[in-house]
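S.K.: Dumping the structure here so I can ask a few things about it.
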Amino acid sequence: MNSGHLILDNSVLSAFASGSWFHDLSFWSAEYDILTTERIWEGEFTPHHEYTKPDWLRSKSVDTDRLDSKSVELGEPDWTLIRLAETVTDPILVSNDRRVIAEAEKRDIERMWGTKFLIQTFELCGIDEDSFNDGCSAYIGDVHLPDTVADELRSAEKV
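So this is what it looks like as structure tokens:
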């Protein structure tokens, strides 16, 4: 039985794809249900990436009309992630978008920065060292990390 739900936004899916680690996300499927929303998968990710949805990733349709309140800071795709997180047990919303992270925090939704998630995936052997090193530059270019975070990423080691 899985211990919770990882909810991945487009910034994370796309960044893992740019680093050639997209399929390495399956590493987490033994411990978590890995989710995104239909809006993110169909409208944000697949128009820019040639991936078919793998078995370990489930995309859910959600109704954002049921949200208590919506600020104008987030787009509709981002709100689908917030709504999904509010409808599942033990969610962890993973994003590289500061606005999504801030909204999740306001709503007491557990959240994690996408780069921290990447480092954990690597350190726990979800990505092999050669693949990690080969993809770091593309990932850093895709996510536009501050120098200190990019340095932390480059210096990550297996646990």
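In my numbering, each residue's number is its place in the sequence shown (first place is 1) plus 292. Positions of the beta carbon are idealized from the N, C-alpha and C atoms, including for glycine. Just so it is clear, the structure is predicted and the values come from calculations on it, not from any experiment.
1) Thinking just about the alpha-carbon of each residue, which of Arg446, Glu449 and Thr407 is nearest to the one in Val435?
2) Pull up the distance between the alpha-carbon of Asp389 and that of Ser303, whole angstroms please.
3) Using C-beta distances below 6 Å, list every residue in its chain close to Asp316, excluding the 5 sequence neighbours before and after it, in chain order.
4) Helix, strand or coil, according to DSSP, for Thr329 in the structure here?
5) Taking 8 Å as the threshold, find out whether the segment 303-314 comes into contact with the segment 337-352 through three or more Cβ pairs.
6) Using CA coordinates, which residue listed in Asp370, Asp382, Leu410 and Glu415 is at the minimum distance from Ile393?
7) Report the option in Phe314, Asp426, Trp348 and Asp301 whose CA atom is closest to the CA atom of Glu342.
8) Who are the near neighbours of Asp382 in its chain, counting only those whose CB is closer than 7 Å to its CB and skipping five residues on each side?
9) Could you tell me the alpha carbon to alpha carbon distance between Glu323 and Trp348, rounded to whole angstroms?
M.R.: On the basis of the supplied data:
1) Thr407
2) Taking C-alpha positions only, Asp389 is separated from Ser303 by approximately 7 Å.
3) Gly418 and Ile419
4) Residue state, collapsed to three classes: strand.
5) yes
6) Asp370
7) The candidate whose alpha carbon is nearest that of Glu342 is Phe314.
8) Excluding its 5 nearest sequence neighbours in each direction, Asp382 has C-beta neighbours in its own chain below 7 Å: Ser295, Gly296 and His297, listed in chain order.
9) 11 Å
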